[in-house]
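A short write-up of the structure that comes next.
Number of protein chains: 2
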Amino acid sequence: MLTYTFTDIGSDSLYHHLYQCIRDDILSGELAAECKLPSKRSFAKNLGVSNITVENAYAQLQAEGYIYSIPKKGFYVRKVSDLALPVGKSSAHLPEREMKHKKYVADFVSNRINAGQFPFSVWSKLLRETLLERHEELLEAPPWGGVLQLRRAISRHLKEFRNMDVSAEQIIIGAGTEYLYGLLIQLLGRDKIYALEDPGYHKIAKIYENNGVGCRFIPVGKAGMDISRLRESSCHVAHISPSHHFPTGIVTPIGKRYELLGWAAGEEGRYIIEDDYDSEFRLVGKPIPTLQSIDCSERVIYMNTFSKTLASTIRISYMALPRHLLEEFERRLSFYSCTVSNFEQYTLARFIEDGYFEKHINRMRTHYRRIRDELVQAIRKSPLASCCEIAKEDAGLHFLLYINTGLPDDELLQRAQRAGIRLSALAQYYYSSPKSAPDHTFVVNYSGLSGAEIPYVVDLLAKCVFGES
Amino acid sequence: MLTYTFTDIGSDSLYHHLYQCIRDDILSGELAAECKLPSKRSFAKNLGVSNITVENAYAQLQAEGYIYSIPKKGFYVRKVSDLALPVGKSSAHLPEREMKHKKYVADFVSNRINAGQFPFSVWSKLLRETLLERHEELLEAPPWGGVLQLRRAISRHLKEFRNMDVSAEQIIIGAGTEYLYGLLIQLLGRDKIYALEDPGYHKIAKIYENNGVGCRFIPVGKAGMDISRLRESSCHVAHISPSHHFPTGIVTPIGKRYELLGWAAGEEGRYIIEDDYDSEFRLVGKPIPTLQSIDCSERVIYMNTFSKTLASTIRISYMALPRHLLEEFERRLSFYSCTVSNFEQYTLARFIEDGYFEKHINRMRTHYRRIRDELVQAIRKSPLASCCEIAKEDAGLHFLLYINTGLPDDELLQRAQRAGIRLSALAQYYYSSPKSAPDHTFVVNYSGLSGAEIPYVVDLLAKCVFGES
Numbered sequence: 001m002l003t004y005t006f007t008d009i010g011s012d013s014l015y016h017h018l019y020q021c022i023r024d025d026i027l028s029g030e031l032a033a034e035c036k037l038p039s040k041r042s043f044a045k046n047l048g049v050s051n052i053t054v055e056n057a058y059a060q061l062q063a064e065g066y067i068y069s070i071p072k073k074g075f076y077v078r079k080v081s082d083l084a085l086p087v088g089k090s091s092a093h094l095p096e097r098e099m100k101h102k103k104y105v106a107d108f109v110s111n112r113i114n115a116g117q118f119p120f121s122v123w124s125k126l127l128r129e130t131l132l133e134r135h136e137e138l139l140e141a142p143p144w145g146g147v148l149q150l151r152r153a154i155s156r157h158l159k160e161f162r163n164m165d166v167s168a169e170q171i172i173i174g175a176g177t178e179y180l181y182g183l184l185i186q187l188l189g190r191d192k193i194y195a196l197e198d199p200g201y202h203k204i205a206k207i208y209e210n211n212g213v214g215c216r217f218i219p220v221g222k223a224g225m226d227i228s229r230l231r232e233s234s235c236h237v238a239h240i241s242p243s244h245h246f247p248t249g250i251v252t253p254i255g256k257r258y259e260l261l262g263w264a265a266g267e268e269g270r271y272i273i274e275d276d277y278d279s280e281f282r283l284v285g286k287p288i289p290t291l292q293s294i295d296c297s298e299r300v301i302y303m304n305t306f307s308k309t310l311a312s313t314i315r316i317s318y319m320a321l322p323r324h325l326l327e328e329f330e331r332r333l334s335f336y337s338c339t340v341s342n343f344e345q346y347t348l349a350r351f352i353e354d355g356y357f358e359k360h361i362n363r364m365r366t367h368y369r370r371i372r373d374e375l376v377q378a379i380r381k382s383p384l385a386s387c388c389e390i391a392k393e394d395a396g397l398h399f400l401l402y403i404n405t406g407l408p409d410d411e412l413l414q415r416a417q418r419a420g421i422r423l424s425a426l427a428q429y430y431y432s433s434p435k436s437a438p439d440h441t442f443v444v445n446y447s448g449l450s451g452a453e454i455p456y457v458v459d460l461l462a463k464c465v466f467g468e469s
Numbered sequence: 001m002l003t004y005t006f007t008d009i010g011s012d013s014l015y016h017h018l019y020q021c022i023r024d025d026i027l028s029g030e031l032a033a034e035c036k037l038p039s040k041r042s043f044a045k046n047l048g049v050s051n052i053t054v055e056n057a058y059a060q061l062q063a064e065g066y067i068y069s070i071p072k073k074g075f076y077v078r079k080v081s082d083l084a085l086p087v088g089k090s091s092a093h094l095p096e097r098e099m100k101h102k103k104y105v106a107d108f109v110s111n112r113i114n115a116g117q118f119p120f121s122v123w124s125k126l127l128r129e130t131l132l133e134r135h136e137e138l139l140e141a142p143p144w145g146g147v148l149q150l151r152r153a154i155s156r157h158l159k160e161f162r163n164m165d166v167s168a169e170q171i172i173i174g175a176g177t178e179y180l181y182g183l184l185i186q187l188l189g190r191d192k193i194y195a196l197e198d199p200g201y202h203k204i205a206k207i208y209e210n211n212g213v214g215c216r217f218i219p220v221g222k223a224g225m226d227i228s229r230l231r232e233s234s235c236h237v238a239h240i241s242p243s244h245h246f247p248t249g250i251v252t253p254i255g256k257r258y259e260l261l262g263w264a265a266g267e268e269g270r271y272i273i274e275d276d277y278d279s280e281f282r283l284v285g286k287p288i289p290t291l292q293s294i295d296c297s298e299r300v301i302y303m304n305t306f307s308k309t310l311a312s313t314i315r316i317s318y319m320a321l322p323r324h325l326l327e328e329f330e331r332r333l334s335f336y337s338c339t340v341s342n343f344e345q346y347t348l349a350r351f352i353e354d355g356y357f358e359k360h361i362n363r364m365r366t367h368y369r370r371i372r373d374e375l376v377q378a379i380r381k382s383p384l385a386s387c388c389e390i391a392k393e394d395a396g397l398h399f400l401l402y403i404n405t406g407l408p409d410d411e412l413l414q415r416a417q418r419a420g421i422r423l424s425a426l427a428q429y430y431y432s433s434p435k436s437a438p439d440h441t442f443v444v445n446y447s448g449l450s451g452a453e454i455p456y457v458v459d460l461l462a463k464c465v466f467g468e469s
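Keeping their order, the protein sequence lines are chains Z and L.
According to my numbering, the residues represented by the first sequence are 1 to 469, in order.
According to my numbering, the residues represented by the second sequence are 1 to 469, in order.
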């Protein structure tokens, strides 16, 4: 069996030393690709260390992508050529530009979900059945809005889950909300001016910018987008996320929602794009009605995604258009082929119809609540507790972490980056006046954590804050 | 067993009568959804008709979507609610707008491939293995260009199949070429003017139009895009399909290819988008080198799709960018998530790597050659022979059918439509001067045919031409 010595490790921790030994052996080729690592228990016994030491070392190797696990089988060495390593380490065969695709110990920015949470066996079963039973339909171009079965399933889901009255006909499936935004620009018009939330999700502004349309940044106050500023602006379309604003975590209250609808109804051609990206994961209390469900003037375009509820890498999102826009869409844009594979549309339809989706969301909600609680607890028990505040932790999959420190945000983010933690500062999401952003406030998207790494990550973060990084 | 009488059928053919009887029973609910139909042989025996009569009736019912087949098992009745029926027939539960999604006896316009040709069992096996083995990678956001394994596999394929030197890094995966065109407009700029082939593929012009960019229609002569007209134009980017022009079927000869490259190299900022959508299916002779492979000035953006080689409903296409454009892409557009599901990217990578793709293409080429030959033969043996000419039948999956008739194109197309045949006229693809288009010439894309329906379809078509429709 694989063995290492633990003498002369200085102040290094046992697990970190073990992690480094194994990593070096993987990089040197000593441990070959696809080779199985010893089980945690027998390895620990053999090395004379505790199980938890091996577990932590494996967790870090896995988080960094050096090894992978097969459930109920164990841990395996990944091919070095598949690793995104820093230049100089076996990088010769990798496209240069992909180097930036670094693995993190913890990534609090991306939407990745933890692999342990995806319903692989159910999905695999439904895919197999779909492939067996639907030869004809799988190869037939679906209607422009997408596969009917899926749109019917979504329509029923929206009725049950969000009390929304949306017919299958109104639903348009697309490969990610980013793609759907592009379609909406084509539908609503390049001459329109779009109101974006400030602060807000970076990609949204980039999409409008790259599509060459005008947009204005409207400040987000304590209750969502500032309506008087919206009224003063010359904007025609407001792109907002009232259920859970990113990054501030603000939930727009019901009174404000009616005001927004009032703005939209106030003039011909005004619309609201309601981006409901993670409403399924409100962890406390009841969800607030969507704008779409209380809109009587057909001014709300509702948008949601399966990125958070299923996996961002499956790339399935949808929007629900008001009926009068459907005609316009059909006339001008229905020539576009639906961008999502039929194979996955039919599979997802079954996943929803057969009740798996609801179960999965419930399970995920419990999982995220646990991750959030463990992370919050770990912060509160760590040296960080004395200088931290946590806010907006009840809705969706991120919260705000205020750290009372003399370090500039940039410096702290760089330290975190070096320690393998990907984190962002609230100020980074402010467009017009970054200086008006709250200082030292960080956005913590915890959806990618598995749980096991939390103590280690919080420890690393504390070291960054207290200058030991 | 199901039985029908064949008395009093007048001039109707036996198979058509049988088809109508079964169809009526499906629509009335007499034949329930998912119910298995009798085997052809025993049904024929029981009815006292020939096997071929039952076969033809089943073929038509299947082509129109009333029944479906499960290989080695038999034919089953489809759920009526899943059928796109004319208004008035069980349409109450279907979204109104989807009505247009009609089933055809033969569709010579869409890119649908015949269900019997898709490698379902291999695909299913590879999907299952991917889902078992790649838990981590499946859920991890791929690099912006797409999953590396797939891009490496495509790079090797292009080397072997098209003798192209394209690194994995240069390849960008997207959900359909339509989506990639949109990205290119964002990359190359909205201020650029795009040269489009006239005649040409409708969707391309619509995409540029809906993205609000300028374009000019440049005539396609006997050897491809007219270069002197291209030079005279103020265009910066030429969007062409030199391997097999749609709809004329023209293959741009090598000399003209160098001229096109000369045009592109003649001024800073000029590019050629080389749309190589069906080069794999050149049925006779060797493929001509792609523009990309003979381009020394990095002016060619190569684009191809798996829509023709695998299935259009899987929605996987790719483009290869010149290296200097990669940097620009990375700087401005790499924030976009790849639009294709990881699950299918990894599966397709395996499909190519393990040699299935090459085998599949070879099999499909043989299949298409057979379909084309049968269709051409059937036309030559039919009453149409006396008034028809077939051209450009050697490259790709469509040919031109000239019909010497007094009927206006519109009238013939409408008759065909009523008979359940979807066909288009060459003139429909001319933008600037539809009147300059050759008269009575039709575009026959035969990729969706199964073969069995050919005699029936040619018969229908002849009836349309000779006025019996």
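Ideal Cβ placement from N, Cα and C applies to all residues, glycine included.
Quantities reported herein were computed from a predicted structural model and do not represent experimental measurements.
In its own chain, which residues sit with a C-beta less than 8 Å from the C-beta of residue i, not counting the 5 before and 5 after it?
{"i": "residue 1 of chain Z", "result": "38, 42, 43 and 46"}
{"i": "residue 297 of chain L", "result": "261, 264 and 265"}
{"i": "residue 131 of chain Z", "result": "138 and 343"}
{"i": "residue 3 of chain Z", "result": "46 and 47"}
{"i": "residue 40 of chain Z", "result": "51, 54, 55 and 58"}
Tell me the rounded alpha-carbon separation between residue i and residue j.
{"i": "residue 409 of chain L", "j": "residue 440 of chain L", "result": "6 Å"}
{"i": "residue 348 of chain Z", "j": "residue 454 of chain Z", "result": "32 Å"}
{"i": "residue 231 of chain L", "j": "residue 255 of chain L", "result": "16 Å"}
For residue i, which option in the options has the closest C-alpha, if you only look at C-alpha atoms?
{"i": "residue 240 of chain L", "options": "L:111, L:274, L:280 and L:33", "result": "L:274"}
{"i": "residue 250 of chain Z", "options": "Z:399, Z:355, Z:354 and Z:135", "result": "Z:399"}
{"i": "residue 228 of chain Z", "options": "Z:259, Z:246 and Z:442", "result": "Z:259"}
{"i": "residue 464 of chain L", "options": "L:428, L:21, L:422 and L:305", "result": "L:422"}
{"i": "residue 51 of chain Z", "options": "Z:31, Z:24 and Z:15", "result": "Z:15"}
{"i": "residue 13 of chain Z", "options": "Z:57, Z:224 and Z:24", "result": "Z:57"}
{"i": "residue 365 of chain Z", "options": "Z:118, Z:272 and Z:104", "result": "Z:118"}
{"i": "residue 235 of chain Z", "options": "Z:435, Z:189, Z:21 and Z:9", "result": "Z:189"}
{"i": "residue 143 of chain L", "options": "L:170, L:272 and L:432", "result": "L:170"}
{"i": "residue 207 of chain L", "options": "L:185, L:222 and L:221", "result": "L:185"}
Report the three-state DSSP secondary structure of residue i (helix, strand or coil).
{"i": "residue 188 of chain Z", "result": "helix"}
{"i": "residue 473 of chain Z", "result": "No answer is possible for residue 473 of chain Z: the residues shown for chain Z start at 1 and end at 469."}
{"i": "residue 161 of chain Z", "result": "helix"}
{"i": "residue 455 of chain Z", "result": "helix"}
{"i": "residue 104 of chain Z", "result": "coil"}
{"i": "residue 415 of chain Z", "result": "helix"}
{"i": "residue 383 of chain L", "result": "helix"}
{"i": "residue 75 of chain L", "result": "strand"}
{"i": "residue 214 of chain Z", "result": "strand"}
{"i": "residue 270 of chain Z", "result": "coil"}
Apart from the five residues on each side of it in sequence, which residues of its chain come closer than 6 Å, Cβ to Cβ, to residue i?
{"i": "residue 352 of chain Z", "result": "153 and 157"}
{"i": "residue 60 of chain L", "result": "19"}
{"i": "residue 322 of chain Z", "result": "298"}
{"i": "residue 166 of chain L", "result": "155, 158 and 320"}
{"i": "residue 192 of chain Z", "result": "236 and 237"}
{"i": "residue 172 of chain Z", "result": "145 and 319"}
{"i": "residue 396 of chain Z", "result": "244, 278 and 281"}
Could you give the C-beta distance for residue i and residue j, rounded to a whole number, given that I count them as a contact under 8 Å?
{"i": "residue 457 of chain Z", "j": "residue 106 of chain Z", "result": "4 Å"}
{"i": "residue 317 of chain L", "j": "residue 127 of chain L", "result": "Not confirmed; about 20 Å, so no contact."}
{"i": "residue 335 of chain L", "j": "residue 203 of chain Z", "result": "6 Å"}
By Cβ distance below 7 Å, which residues in the same chain neighbour residue i in space, the five residues on each side in sequence not counted?
{"i": "residue 219 of chain Z", "result": "198, 226 and 229"}
{"i": "residue 183 of chain L", "result": "174 and 333"}
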